[in-house]
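Student: Sharing a structure with you now.
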Amino acid sequence: MEGLVSSGINTIRVFGVTKRQSSFLPSSTLHLRSDRVCGIGIGVEEKKKKQPCFVMAASVGGSKVGHFENTLPSKEVLELWRKGDAVCFDVDSTVCLDEGIDELAEFCGAGKAVAEWTARAMGGSVPFEEALAARLSLFNPSWSQVQNFLKQKPPRLSPGIEELVQKLKANGIAVYLVSGGFRQMIIVRRIVEINGFSDSLCAWGEINCFYCIFWNECVRGLMHSGMDIVSIYSLSSNALPIQMLFVMTFRVPVASILGIPENHIFANNLLFKSSGEFLGFDTREPTSRSGGKAVAVQQIKKTRGFKTLTMVGDGATDMEVRKRGADLFICYAGVQLRESVAVKADWLVFNFEDLINLLG
345 MEGLVSSGIN TIRVFGVTKR QSSFLPSSTL HLRSDRVCGI GIGVEEKKKK QPCFVMAASV
405 GGSKVGHFEN TLPSKEVLEL WRKGDAVCFD VDSTVCLDEG IDELAEFCGA GKAVAEWTAR
465 AMGGSVPFEE ALAARLSLFN PSWSQVQNFL KQKPPRLSPG IEELVQKLKA NGIAVYLVSG
525 GFRQMIIVRR IVEINGFSDS LCAWGEINCF YCIFWNECVR GLMHSGMDIV SIYSLSSNAL
585 PIQMLFVMTF RVPVASILGI PENHIFANNL LFKSSGEFLG FDTREPTSRS GGKAVAVQQI
645 KKTRGFKTLT MVGDGATDME VRKRGADLFI CYAGVQLRES VAVKADWLVF NFEDLINLLG
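Here the working numbering is used: the first residue of the sequence shown is 345, the next is one more, and so on.
Rendered as structure tokens:
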């Protein structure tokens, strides 16, 4: 790997085939321009010659990936990564494969215009709060549109993020999500359908009122299985005088899959009128403005007493955290390579496997 990178060739693990740890893993995670691809290979396990276990793509030419000098961590960077006591992750294009606001805009019919604004915001050419307001004003999503979007377009986790978070926790390292995206797409809400008639979002506590009807250990196991969609069937209930069939479908949000509690999440909040009409976003959230992620990280360090904190993300707002709060910035370019950000990172990675392997 090191030899390939030093030769100007970037190798990228595109997707796993035999070890799909999560149903969020896509069948393909990367689009490569044909003029930049010099070779694609399929790796196989020695004991199963015909069974592919991963796909690799190598790109050269127009891309400047091979010319970055920070793709291999220095001794100092590696020490900070290993001895840190907290890691904060960006969500869009880092923990998840998509930019949430771009996907929501596409769902509402304004994808192209919003994506252009996103590129400018993530590159740092415009203040984040200006870009956020401008993007939302292009499509003004209603609450019902957000509900339908979450139901039809569940988030897709980046390959390796579950394993990385698990290993960080096992090593006693606290994990946080610090995102310019929206809480409605990240935390503590599940879509519930009962016999196909309900199409609403319920908080965890609200769902418990349904549990009491037929709660049992089987249901408990399913709800904590880590699956993105769980169907639960009960043919009888002690709480009702007659037998009834209940079918509940849950779409588990990002934070639940990763096991990250709500008080470890900083994100923006969409606001709606009682009618469901879009009002705007909560400007009191620190992540709603440029420099806000740094404010959130400073708050985390101050209240928790962390000595060494790492920020992992892909955009300019993540890079800002390095100047005011984080002790280490790792640019994750497995989804989007933003060169103006990547070149200034302490460490540039294209897959989470590198972070897992070097965590120790």
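Beta carbons: idealized from backbone N, C-alpha and C, even for Gly.
1) Looking only at its own chain, which residues have a Cβ that is under 6 angstroms from the Cβ of Val656, when we skip the five neighbours before and after it?
2) Per DSSP, what are the beta-bridge partners of Cys440 in this structure?
3) Whose CA, out of Arg426, Ile445 and Gly428, lies closest to the CA of Asn612?
4) By alpha-carbon positions, which one of Gly428, Val439, Leu482 and Glu423 ends up nearest to Ile601?
5) Rounded to whole angstroms, what is the Cα-Cα separation between Pro605 and Ala518?
6) Say whether the stretch 487-499 touches the stretch 625-642, bearing in mind that this needs 3 or more beta-carbon pairs closer than 8 angstroms, one atom from each stretch.
7) For Leu416, does the three-state DSSP call read helix, strand or coil?
8) DSSP puts Val522 in a beta bridge; with which residues?
9) Please identify the residue among Asn607, Ser502 and Asn492 whose C-alpha is closest to the C-alpha of Gln680.
10) According to DSSP, is Val656 part of a helix, a strand, or is it coil?
11) Looking at the unbroken alpha helix (DSSP H) that takes in Ile601, where does it start and where does it end?
12) I think Ala465 touches Ala475, with their Cβ atoms under 8 angstroms apart; what is that distance to the nearest whole Å?
13) Tell whether a beta-carbon distance below 8 angstroms holds between Phe412 and Leu692.
14) Considering just the uninterrupted stretch of the beta strand (DSSP E) at Leu672, what are its terminal residues?
15) Quick check on the burial criterion: 16 or more other C-beta atoms within 10 angstroms. Buried or exposed for Pro597?
16) Rounded to whole angstroms, what's the CA-CA distance from Leu699 to Ser634? Just pull it up for me.
17) Between which two residues does the beta strand (DSSP E) holding Ala430 run?
Tutor: Looking at the coordinates:
1) The sequence position of residue 656 within the sequence shown is 312, counting from 1. Excluding its 5 nearest sequence neighbours in each direction, Val656 has C-beta neighbours in its own chain below 6 angstroms: Phe433, Ile674 and Tyr676, listed in chain order.
2) Reading the sequence shown from its first residue, position 96 is the one you call residue 440. When beta bridges are read from the DSSP output, Cys440 appears opposite Leu501.
3) Locating residue 612 in the sequence shown gives position 268, counting from the first residue. When only C-alpha atoms are compared, the closest one is Ile445.
4) On the sequence shown, residue 601 is found 257 positions in, with the first residue counted as 1. Residue Val439 holds the alpha-carbon nearest to the alpha-carbon of Ile601 among Gly428, Val439, Leu482 and Glu423.
5) In the sequence shown, residue 605 corresponds to position 261, counting from 1. In the sequence shown, residue 518 corresponds to position 174, counting from 1. C-alpha separation (whole angstroms): 11 angstroms.
6) No: the two stretches stay apart, fewer than three of their Cβ pairs being nearer than 8 angstroms.
7) Locating residue 416 in the sequence shown gives position 72, where the first residue counts as 1. Collapsing the DSSP output to three states places Leu416 in coil.
8) Here residue 522 corresponds to residue number 178 of the sequence shown, with the count starting at 1. Answer by DSSP bridge pairing, in chain order: Phe610.
9) Here the question's residue 680 lines up with position 336 in the sequence shown. Closest by alpha carbon: Ser502.
10) Your numbering for residue 656 matches position 312 in the sequence shown. For Val656, the three-state secondary structure derived from DSSP is strand.
11) As a working note, residue 601 is residue 257 in the sequence shown. Residues Val598 to Leu602.
12) In the sequence shown, counting from the first residue as 1, residue 465 sits at position 121. In the sequence shown, counting from the first residue as 1, residue 475 sits at position 131. 3 angstroms between Cβ atoms; contact.
13) Numbered from its first residue, the sequence shown carries residue 412 at position 68. Numbered from its first residue, the sequence shown carries residue 692 at position 348. The Cβ atoms of Phe412 and Leu692 lie closer than 8 angstroms to each other.
14) Numbered from 1 along the sequence shown, position 328 holds the residue referred to as residue 672. Annotation for Leu672: the continuous beta strand (DSSP E) segment containing it runs Leu672 to Tyr676.
15) Along the sequence shown, one-based indexing puts residue 597 at 253. Counting of Cβ neighbours within 10 angstroms places Pro597 among the buried residues, the total reaching 16 or more.
16) In the sequence shown, residue 699 corresponds to position 355, counting from 1. In the sequence shown, residue 634 corresponds to position 290, counting from 1. One C-alpha to the other measures close to 27 angstroms.
17) For this step, residue 430 is matched to residue 86 along the sequence shown. Per DSSP, Ala430 belongs to the beta strand (DSSP E) from Ala430 to Phe433.
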